[in-house]
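Chains as they are written, first to last, in our numbering: chain A, 5 to 115; chain B, 3 to 115. Every residue gets a Cβ at the ideal spot worked out from N, C-alpha and C, and that includes glycine. Only one structure is covered here, and it is reproduced in the block below.
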């Protein structure tokens, strides 16, 4: 069974710090990875996706993928209180329309 | 710029009642999905439609049926609601093809008494 694992947290970081969110996956065939942000009581919002090994940067966000270690991470630089949310990691398998979601990591940015 | 629209936003049912959740997208996406989200369980796929005219079971299909009415619309039906189906239901869509990002609607909060 394909699994995506995340530390549930909560992860607390001070405002202005770097928040590091991590995700591991079991399916070696996974080819695509997605990070979603979900505020309490709201729907998941796509913030990053990555398909290739290495880093991908978008503003304050950097996604990192290491397929050999089956590890995905999301770095948030200059964390703001508005970044406080649950972050969901999802992986897509080879030839699959489906995504497998982790249970999410709750991030709290302390002013 | 509506994206994915779900109706209703909230609903309370009694055990045994039936109900259809509606979902429509205006992004010309080919694939659509229904998830449920429960505390501690994360997002679980109920059914999906890779393209118009096709539907497939996901991880937790029991107790649900779906209809891909056209390219825009994908509905989820509970024939005989049970308390275990109390959840938040999300519809999502993607361009189609494999490994595509999915875009979510605002959700339907469903309580079954």
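Identify, in the order they occur along the chain, each residue of the same chain with its Cβ nearer than 7 Å to the Cβ of residue i, setting aside the five sequence neighbours on each side.
i, result
"residue 39/B", "45, 89, 90 and 92"
"residue 3/A", "A question about residue 3/A goes unanswered here, because the residues of chain A that appear run from 5 up to 115."
"residue 80/B", "20, 21, 65, 66 and 87"
"residue 24/A", "77 and 79"
"residue 55/A", "35 and 36"
Taking only three categories from DSSP, how would you classify residue i?
i, result
"residue 10/A", "strand"
"residue 24/A", "strand"
"residue 1/B", "The structure shown has nothing for residue 1/B, since chain B only spans 3 to 115."
"residue 86/A", "helix"
"residue 35/A", "coil"
"residue 19/B", "coil"
"residue 18/A", "strand"
"residue 44/A", "coil"
"residue 86/B", "helix"
"residue 102/A", "coil"
"residue 115/B", "coil"
"residue 5/B", "coil"
"residue 110/A", "strand"
"residue 95/A", "strand"
"residue 30/A", "coil"
Candidates the options: which alpha carbon is nearest residue i's?
i, options, result
"residue 109/A", "98/A, 93/A, 100/A and 115/A", "93/A"
"residue 21/A", "49/A, 65/A and 69/A", "65/A"
"residue 27/A", "82/A, 69/A and 100/A", "69/A"
"residue 71/A", "33/A, 10/A and 7/A", "33/A"
"residue 31/A", "105/A, 16/A and 40/A", "105/A"
"residue 72/B", "16/B, 5/B, 20/B and 31/B", "31/B"
"residue 114/A", "97/A, 98/A, 85/A and 25/A", "85/A"
"residue 2/B", "115/B, 26/B and 107/B", "The requested residue 2/B is not part of the displayed model; chain B covers only 3 to 115."
"residue 7/B", "29/B, 21/B, 17/B and 18/B", "29/B"
"residue 63/A", "79/A, 99/A, 55/A and 49/A", "79/A"
"residue 54/B", "63/B, 43/B and 69/B", "69/B"
"residue 56/B", "104/B, 16/B and 35/B", "35/B"
"residue 104/B", "95/B, 112/B, 18/B and 110/B", "95/B"
"residue 4/B", "111/B, 74/B and 113/B", "74/B"
Which same chain residues, not among the five before or five after residue i, have their C-beta less than 6 Å away from its C-beta?
i, result
"residue 24/B", "9 and 77"
"residue 57/A", "69 and 71"
"residue 47/B", "37, 60 and 61"
Sorted by chain position, which residues of the same chain lie with C-beta nearer than 8 Å to residue i's C-beta, five sequence neighbours on each side aside?
i, result
"residue 102/A", "96"
"residue 50/B", "33, 34, 35, 36, 57, 58 and 60"
* Do the segment 82-89 of chain B and the segment 97-105 of chain B touch if we need at least three Cβ pairs shorter than 8 Å? -> Judged by Cβ distances under 8 Å, the segment 82-89 of chain B makes no contact with the segment 97-105 of chain B, as fewer than three pairs qualify.
* Could you tell me whether the segment 62-78 of chain A touches the segment 7-16 of chain B, where touching means 3 or more Cβ pairs closer than 8 Å? => Judged by Cβ distances under 8 Å, the segment 62-78 of chain A makes no contact with the segment 7-16 of chain B, as fewer than three pairs qualify.
* Asked: Looking at C-beta atoms only, is the number of pairs between the segment 85-102 of chain A and the segment 38-56 of chain A that lie closer than 8 Å three or more?
  -> Yes: at least three Cβ pairs fall under 8 Å.
* **Runs of beta strand (DSSP E) lying entirely within the segment 47-88 of chain A, each at least 3 residues, in chain order** => Within the segment 47-88 of chain A, the complete beta strand (DSSP E) segments at least 3 residues long are 49-54, 58-62, 65-70 and 75-80, listed from N- to C-terminus.
* For the segment 43-112 of chain B, which segments carrying the beta strand (DSSP E) assignment without a break, of at least 3 residues, lie completely within its bounds, in sequence order? -> Every unbroken stretch of the beta strand (DSSP E) spanning 3 or more residues and falling wholly within the segment 43-112 of chain B is given here in chain order: 44-51, 66-70, 76-80 and 89-96.
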